[in-house]
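Residue numbers (the numbering used here): 6 to 316. Beta carbons are placed, not taken as given, at the ideal position from N, Cα and C, and that holds for glycine. All values derive from a computational prediction rather than experimental measurement. Below is one structure, written out as structure tokens, with a few remarks after it.
Right, here's the structure in full:
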């Protein structure tokens with residue numbers, strides 16, 4: 006293993022470690038000290054903690070249940086994903102144990118992070134959970150529980166992570182109503198947290214994968230296309246168009262670039278043709294070489310053969 010791979014591996018695990026502590030802050034510093042719950046595996050674990058009067062802490066239940074799910078992660082995602090999942094589960098459990106005793110970081114009266122407006126606590130917690138889980142998924146790990154379900158579904162079908170999380174979390178969140186000392190407003194706090202989480206998770210996981218589609222109208226389209234292909238090593242498509250006012254035929258460039266490439270593209274276009282007209286649209290999914298792998302839930306023709314698909 007060369008030095009670059011080692012440095013990349015060390016970076017990944019440092020980020021995963023930080024992500025586990027961020028995930029732990031959501032629960033041990035904001036949700037649990039205020040008697041709140043939400044969705045996911047930790048939501049289920051907090052319900053068990055509240056139901057037992059704190060005899061069974063959430064972090065212990067979290068570790069025990071996820072130990073059984075490790076086998077599923079290894080089978081579905083490979084040994085690399087499984088090992089990082091094991092690391093994240095252990096580190097998350099350790100982080101929550103540390104944070105549960107660090108009362109100075111708890112959102113309770115008398116402490117620095119106390120938030121008087123109770124309705125804001127789930128919003129803050131949802132932000133921390135989205136960042137924590139989003140980073141673990143982005144760097145090849147998982148904090149377990151519904152994360153494993155979401156990442157497996159997202160691998161084979163074009164369903165967003167937020168959709169999977171929202172569906173499973175609503176089911177878990179409703180379990181809070183079965184506790185005698187909880188009321189409907191307590192469930193509403195949980196829904197508030199998971200909605201905040203669902204709105205942010207795709208943004209954190211997507212990161213640089215977010216893409217843009219550009220339509221460039223310029224008389225110097227050939228120079229722009231040559232730069233895109235030769236310098237940026239991206240594809241460029243020329244579309245035949247006709248201006249309806251002048252009835253003149255023109256060539257329009259169709260470009261697909263990632264978020265971090267957009268500033269360079271716009272800078273190049275402006276430098277080559279300051280009078281160029283450009284339309285920029287964000288795209289949710291771009292499949293193909295250089296972007297994401299197409300997810301259909303069907304095996305590829307290479308693996309099954311054309312005859313099998315025809316059956």
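> Using the C-alpha atoms, what's the distance from residue 113 back to residue 188?
Replying inline: Position 183 of the chain shown holds residue 188. Position 108 of the chain shown holds residue 113. For residue 188 and residue 113, the distance between alpha carbons rounds to 21 Å.
**Q.** Closest by C-alpha distance to residue 241, when choosing among 227, 181, 251, 182
**A.** Position 236 of the chain shown, counting from 1, holds the residue named residue 241. Ranking the options by Cα distance to residue 241, first place goes to 227.
Considering only the alpha carbon of each residue, which of 183, 172, 198 lies closest to residue 127? Residue 127 sits at position 122 when you count from the first residue of the chain shown. Residue 198 is the option with its Cα nearest to residue 127.
Where residue 2 and residue 134 are concerned, what is the direct C-alpha to C-alpha distance, given to the nearest angstrom? Residue 2 is absent from the model: the chain starts at 6 and stops at 316.
List, from N- to C-terminal side, the beta strand (DSSP E) runs of 3 residues or more that fit wholly inside the stretch 181-239. Listed in chain order, they are 216-222.
The stretch 128-147 / the stretch 25-39 touching (three or more Cβ pairs under 8 Å): yes
- Message: Mapping the DSSP letters down to three states, classify residue 8 as helix, strand or coil.
- Response: As a first step, residue 8 must be located in the chain shown, where it is residue number 3. Helix, per DSSP.
**Message:** At 4 residues or longer, what runs of the alpha helix (DSSP H) sit wholly inside the stretch 41-101?
**Reply:** 45-56, 63-82
Practice task
Using 10 angstroms around the beta-carbon of residue 247, count the other beta-carbons present and answer buried if the total reaches 16, otherwise exposed.
Solution key: As a position in the chain shown, residue 247 is number 242, starting the count at 1. Flag for residue 247 reads exposed.
Note to self: According to DSSP, simplified to helix, strand and coil, what is residue 282?
What the structure shows: For this step, residue 282 is matched to residue 277 along the chain shown. Correct three-state label for residue 282: strand.
- Message: Please classify residue 121 as buried or exposed, where buried requires at least 16 other C-beta atoms within 10 Å of its C-beta.
- Response: Here residue 121 refers to the residue found at position 116 of the chain shown. Exposed is the call here.
Query - Contact between the stretch 92-104 and the stretch 139-147 (3+ Cβ pairs under 8 Å) - result: yes
Report task. Answer yes or no: do residue 42 and residue 181 have a C-beta to C-beta separation smaller than 7 Å? Result -> Position 37 of the chain shown, counting from 1, holds the residue named residue 42. Position 176 of the chain shown, counting from 1, holds the residue named residue 181. Yes, the pair counts as a contact, with Cβ atoms nearer than the cut-off.
Segments assigned alpha helix (DSSP H), at least 4 residues, entirely inside the stretch 104-141: Within the stretch 104-141, no run of alpha helix (DSSP H) at least 4 residues long lies entirely inside it.
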